[in-house]
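Asker:
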Amino acid sequence: MHSGGETIVLQAGHYQAKIVTVGAGLAELTHGGRHVVIPHKPEEMPLAHLGKVLIPWPNRVAQGRYIWQGNELHLPVNDVVSNSAIHGLLAWRNWQVSHQSSSEVVLTIFLPPCYGFPFALVSETRYQLDANRGLQVTLCSQNAGDTSAPYGAGAHPYITCNLQSINGCELTLPAGVVSLSRPGFRSPGRLSDTTIDDTFSVPATKEQWEVSMCCPSQKMSTFLRSDQPWLQLYTGEKLQRRGLAVEPMSCPPNAFNTGNSLVHLAPGEEHRLHFSIGCD
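Per the numbering used here, residue 46 is the first one in the sequence shown, and the count goes up by one each step.
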């Protein structure tokens, strides 16, 4: 076993995916041999939380501190630049394979109570590869304790058009999205040298929303679809702008403090998050 844990290869039609058990991570997704997400070698520790699952919170908790039911709790600060606790507690833990077939794998993990997060969770990540619809991903967590727990979830894939620079790509966002830091942001539009590391709120809808990126030189378009109320976009400067991080999230940054869209997960209760990635 290497630093990524075990590697599982999924196949369906022209799609192939590589999943690593550490962080229940998406290490590679190709269609006809062309990259749909920025890949990393399964045996390497990837930069920028590439492909990882983000539980029990996505994004950041400011200063690693929050108050829950009158108690101040302290999480490990693992992002020095922002002085925050970033991307949950399971991105670098080894998950267990509970089911596997040629086109599907289910990974599970138990998160015991710990300092800063004294709650018990059982989490599951399901990857299903479909020849027509691409990669379907479902994250599910259940409160296995006897007290209510704060909870949020997300994922950190980087969609790409076969690793071409995103500068030449056109980005299309869901209708009605609002950036928390740049209200005038518009789509569709060519990315050029635009730098983005922004959180967007997505209007409530019964249908899934879609973020797509089209590269004319590759004659390729990739997409991520989800139904979550929040979305983080990052233009991947740490990865030479070869792809765009499209992170579906159940809550925005610092929700453990603001309470914005924070899930109060009751004992025995489950929360699910779904998204899909593919190409046209």
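Think of the CB as a built atom: it goes at the ideal place given N, C-alpha and C, for glycine as much as any other residue.
Everything numeric in this text was worked out from a predicted model, so none of it was measured.
1) On the three-state DSSP scale, how would you describe E117?
2) Assuming N188 is part of the beta strand (DSSP E), what are its boundary residues?
3) Determine the extent of the alpha helix (DSSP H) in which T240 is found, giving its start and end residues.
4) Can you give me the Cβ contacts of N139 inside the same chain, cut-off strictly under 6 Å, excluding the 5 residues immediately before and after it?
5) What residues match up with T267 in a beta bridge as DSSP calls it?
6) To the nearest angstrom, report how far apart D191 and P312 are at their CA atoms.
7) Per DSSP, E292 forms a beta bridge with which residues?
8) What does a CB cutoff of less than 8 Å around E255 pick up in its chain, not counting 5 residues either side in sequence?
9) Using the DSSP secondary-structure output, state which residues sit across from T170 in a beta bridge.
10) Taking DSSP as the reference, what is the three-state secondary structure of L307?
11) Do three or more CB pairs link the stretch 179-197 to the stretch 238-246 at distances below 8 Å?
12) What's the C-alpha gap between G109 and V125?
13) Decide if R227 is buried, meaning its Cβ has at least 16 other Cβ atoms within 10 Å, or exposed.
14) Between the beta-carbon of E293 and the beta-carbon of G197, is there less than 8 Å?
15) Inspect the CB distances between the stretch 162-171 and the stretch 82-102 and report whether three or more fall short of 8 Å.
16) Per the contact definition of three or more C-beta pairs closer than 8 Å, is the stretch 201-212 in contact with the stretch 255-266?
17) Mind pulling the alpha helix (DSSP H) runs of 4 or more residues that sit fully within the stretch 71-105?
18) Straight-line CA distance for F301 to V291?
Answerer: According to the structure shown:
1) One-based indexing of the sequence shown puts residue 117 at position 72. Correct three-state label for E117: strand.
2) Looking up residue 188 in the sequence shown gives position 143. Taken as a continuous stretch (DSSP letters only), the beta strand (DSSP E) holding N188 covers 179-188.
3) Indexing the sequence shown from 1 puts residue 240 at position 195. Unbroken run through T240: none, as it is neither H nor E.
4) Position 94 of the sequence shown holds residue 139. Correct list, in chain order: G50, T66, V67.
5) Taking the first residue of the sequence shown as position 1, residue 267 is located at position 222. Partner(s): M258, C324.
6) Indexing the sequence shown from 1 puts residue 191 at position 146. Indexing the sequence shown from 1 puts residue 312 at position 267. Rounded to the nearest angstrom, the two C-alpha atoms are 5 Å apart.
7) Position 247 of the sequence shown, counting from 1, holds the residue named residue 292. Q277.
8) The residue you call residue 255 lines up with position 210 of the sequence shown. Excluding residues within five positions, the ones whose Cβ falls inside 8 Å are T217, P219, F268, L269, R270.
9) Working through the sequence shown from its first residue, we reach residue 170 at position 125. DSSP, once it has assigned bridges, lists L152, L184 as partnering T170.
10) Residue numbering aside, residue 307 sits at position 262 when the sequence shown is read from its first letter. L307: coil per DSSP, three-state reduction.
11) no
12) For this step, residue 109 is matched to residue 64 along the sequence shown. For this step, residue 125 is matched to residue 80 along the sequence shown. Answer to the nearest angstrom: the Cα atoms are 11 Å apart.
13) Reading the sequence shown from its first residue, position 182 is the one you call residue 227. The residue is exposed, with fewer than 16 neighbouring Cβ atoms inside 10 Å.
14) For the purposes of this step, residue 293 is identified with residue 248 of the sequence shown, where counting begins at 1. For the purposes of this step, residue 197 is identified with residue 152 of the sequence shown, where counting begins at 1. Note that residue 293 is Pro in the sequence shown here, rather than Glu. No, Cβ-Cβ distance for P293 and G197 is not below 8 Å.
15) yes
16) yes
17) none
18) Looking up residue 301 in the sequence shown gives position 256. Looking up residue 291 in the sequence shown gives position 246. Taking the straight line joining both Cα atoms gives about 21 Å.
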